[in-house]
Amino acid sequence: MVMQGDPAVRTLCRSTQAAALPARNRVLSLISFDVKGAYNGVCKERLIQRMKARGIPEVLLRWVEAFCSERTANILINGQLSETQSLPQAGLPHGSPLSPILFLFSNADLVQRQIDSQGGAVAFVDDFTAWVTGPTAQSNREGIETIINEALNWEKRSRATFEADKTAIIHFAPKMRKLDHEPFTIKGQTVVPKDHVKILGVLMDTRLKYKEHIARAACKGLEAAMELRRLRGLSPATARQLFASTVAPVVDYASNVMSGCTRARIKPWGRSTESKE
Numbered sequence: 556m557v558m559q560g561d562p563a564v565r566t567l568c569r570s571t572q573a574a575a576l577p578a579r580n581r582v583l584s585l586i587s588f589d590v591k592g593a594y595n596g597v598c599k600e601r602l603i604q605r606m607k608a609r610g611i612p613e614v615l616l617r618w619v620e621a622f623c624s625e626r627t628a629n630i631l632i633n634g635q636l637s638e639t640q641s642l643p644q645a646g647l648p649h650g651s652p653l654s655p656i657l658f659l660f661s662n663a664d665l666v667q668r669q670i671d672s673q674g675g676a677v678a679f680v681d682d683f684t685a686w687v688t689g690p691t692a693q694s695n696r697e698g699i700e701t702i703i704n705e706a707l708n709w710e711k712r713s714r715a716t717f718e719a720d721k722t723a724i725i726h727f728a729p730k731m732r733k734l735d736h737e738p739f740t741i742k743g744q745t746v747v748p749k750d751h752v753k754i755l756g757v758l759m760d761t762r763l764k765y766k767e768h769i770a771r772a773a774c775k776g777l778e779a780a781m782e783l784r785r786l787r788g789l790s791p792a793t794a795r796q797l798f799a800s801t802v803a804p805v806v807d808y809a810s811n812v813m814s815g816c817t818r819a820r821i822k823p824w825g826r827s828t829e830s831k832e
């Protein structure tokens, strides 16, 4: 399923939470890929082929082909403009409102799978994440290996490239005994399941406590708040607007999906956090 950023985060987090509830006693194994270059790596021929397979009218296919053809580029440095160079493999142009739509067609085959109690997949721009569920992490190995093989086949067909160093695997489970760190081999490289990974901007740990993410959000939010102290003479309305646009988004990101997953309580600023003996 291809989604916008915030819905993709909610779908991913809620799916992992539902599968890894202690009452269900299941393990969710997840793998995340990063497509190198994203827009730049889109192959025009494959894009047209996939749009045609999904019933896009011929007149639009010809328009898209022309849109992606005969592109050129210049470099401007200190007022000096370089010679115009042709770009035989330009992919999709950054900044165009059409590029995100065309990229959805480009990677639709990769993420076209149903999200249910057995697994699912989401994608947002260059991030592709898929998962399977089962009684143990070991029982999920076959499902993860199937996802890996399908992703590598798509990579080959699409002339795309997954960044190996950004590929991450993690097992979510309510009990430690269900987890293992047996590695997977992807394109000749060993990928070991991690205790926490960053997916769509959220730091997720194996117990879904989100402690690392909360700590990181609090630290970044405090840094942003301290920056506002440098601005003198602001009216209350302006200060409130700046806080809402610079501090609140940092602290609140994905908080709606984490609120019911942790018992951690945020203590008021300025009070001691030391426990009494």
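Heads up, the sequence shown is in the working numbering, so the first residue is 556 and it goes up one at a time. For each residue, glycine too, the CB sits at the ideal point set by N, CA and C. In this text the structure is predicted, and so the values were computed from the model without any measurement.
I670 and S570 closer than 8 Å at C-beta:
Counting from 1 along the sequence shown, the entry for residue 670 is found at position 115. Counting from 1 along the sequence shown, the entry for residue 570 is found at position 15. Yes, they are a contact pair.
So what's L583 in DSSP terms, helix, strand or just coil?
Translated into positions along the sequence shown, residue 583 becomes position 28. In the structure shown, L583 sits in a strand (DSSP, three-state: E or B).
Beta bridge counterpart(s) of L642 as assigned by DSSP:
As a working note, residue 642 is residue 87 in the sequence shown. Beta-bridge pairing links L642 to R626.
In the DSSP output, which residue or residues are listed as bridge partners for M759?
Walking along the sequence shown from the start, residue 759 turns up at place 204. In DSSP, M759 forms a bridge with V752.
The alpha helix (DSSP H) that contains G674, what's its start and end?
Position 119 of the sequence shown holds residue 674. Looking at the DSSP string, G674 is not in any alpha helix (DSSP H); the run it does join, the beta strand (DSSP E), is G674 to F679.
The region 773-786 in contact with the region 756-765 per 3-pair CB rule at 8 Å
no
DSSP state of T716, grouped into three classes?
Taking the sequence shown and counting its residues from 1, the one referred to as residue 716 is at position 161. Of the three classes helix, strand and coil, the one that applies to T716 here is coil, per DSSP.
Tell whether a beta-carbon distance below 8 Å holds between Q640 and A621.
Indexing the sequence shown from 1 puts residue 640 at position 85. Indexing the sequence shown from 1 puts residue 621 at position 66. Taking 8 Å as the Cβ cut-off, Q640 and A621 do not qualify as a contacting pair.
How is the alpha helix (DSSP H) around F658 delimited, first residue to last?
Here the question's residue 658 lines up with position 103 in the sequence shown. S654 to V666 is the extent of the alpha helix (DSSP H) around F658.
Helix, strand or coil: which one does DSSP assign to G596?
As a working note, residue 596 is residue 41 in the sequence shown. Here G596 sits in helix by DSSP.
What residues match up with A685 in a beta bridge as DSSP calls it?
Here residue 685 corresponds to residue number 130 of the sequence shown, with the count starting at 1. Paired residues: I586 and A676.
Assign I630 to buried or exposed, taking buried as 16 or more other Cβ atoms, counted over all protein chains shown, within 10 Å of its Cβ.
Walking along the sequence shown from the start, residue 630 turns up at place 75. Exposed, because fewer than 16 other Cβ atoms sit within 10 Å of the Cβ of I630.
What does the alpha-carbon distance come out to for the pair R565 and W686?
Stepping through the sequence shown from its first residue, residue 565 is reached at position 10. Stepping through the sequence shown from its first residue, residue 686 is reached at position 131. Each residue's Cα considered, the two are about 15 Å apart.
Expected contact under 8 Å - CB spacing of A706 and K742 to nearest Å:
On the sequence shown, residue 706 is found 151 positions in, with the first residue counted as 1. On the sequence shown, residue 742 is found 187 positions in, with the first residue counted as 1. Actually they do not touch by this definition, with Cβ atoms about 10 Å apart.
Supposed close pair R609, F660 - CB separation, criterion 8 Å:
Locating residue 609 in the sequence shown gives position 54, counting from the first residue. Locating residue 660 in the sequence shown gives position 105, counting from the first residue. Confirmed, about 7 Å.
My output table needs one value for H736: the three-state DSSP class, helix, strand or coil.
Reading the sequence shown from its first residue, position 181 is the one you call residue 736. In the structure shown, H736 sits in coil (DSSP, three-state: anything other than H, G, I, E or B).
Under the assumption that I754 contacts S587 (Cβ atoms under 8 Å), give the Cβ distance between them as a whole number of angstroms.
Numbered from its first residue, the sequence shown carries residue 754 at position 199. Numbered from its first residue, the sequence shown carries residue 587 at position 32. Contact flag correct, Cβ pair sits at about 5 Å.
Assuming the contact rule is C-beta atoms closer than 8 Å, L642 and F658 should be a hit. Round their C-beta distance to whole Å, please.
In the sequence shown, counting from the first residue as 1, residue 642 sits at position 87. In the sequence shown, counting from the first residue as 1, residue 658 sits at position 103. That belief does not hold up - the Cβ atoms of L642 and F658 are roughly 17 Å apart, past 8 Å.
Going by the beta-carbon positions, is the gap between V747 and P738 smaller than 8 Å?
Your numbering for residue 747 matches position 192 in the sequence shown. Your numbering for residue 738 matches position 183 in the sequence shown. Yes, Cβ-Cβ distance for V747 and P738 is below 8 Å.
Assuming contact is defined by CB atoms lying nearer than 8 Å, are A692 and T684 in contact in what I supplied?
In the sequence shown, the residue the question calls residue 692 occupies position 137. In the sequence shown, the residue the question calls residue 684 occupies position 129. No; because the gap between Cβ atoms is not below 8 Å, this pair is not in contact.
Roughly how far, in whole angstroms, is the beta-carbon of V590 from the beta-carbon of D681, given that I think they are within contact range, below 8 Å?
Position 35 of the sequence shown, counted from the start, is the residue given in the question as residue 590. Position 126 of the sequence shown, counted from the start, is the residue given in the question as residue 681. So it is a contact: roughly 4 Å between Cβ atoms.
Taking buried to mean at least 16 other C-beta atoms within 10 Å of its own C-beta, is L636 buried or exposed?
Locating residue 636 in the sequence shown gives position 81, counting from the first residue. It is exposed - the Cβ of L636 has fewer than 16 other Cβ atoms within 10 Å.
Can you find a CB in chain B that lies within less than 8 Å of the CB of A770?
Of the chains in the structure shown, none is chain B; there is only one protein chain.
Which word fits C568, buried or exposed, when buried means at least 16 other C-beta atoms lie within 10 angstroms of its C-beta?
The residue given as residue 568 occupies position 13 in the sequence shown. Its Cβ being crowded by 16 or more others within 10 Å, C568 is buried.
Just grab the DSSP bridge partners of I632 for me.
Position 77 of the sequence shown holds residue 632. For I632, which the question treats as bridged, DSSP gives the partners Q635.
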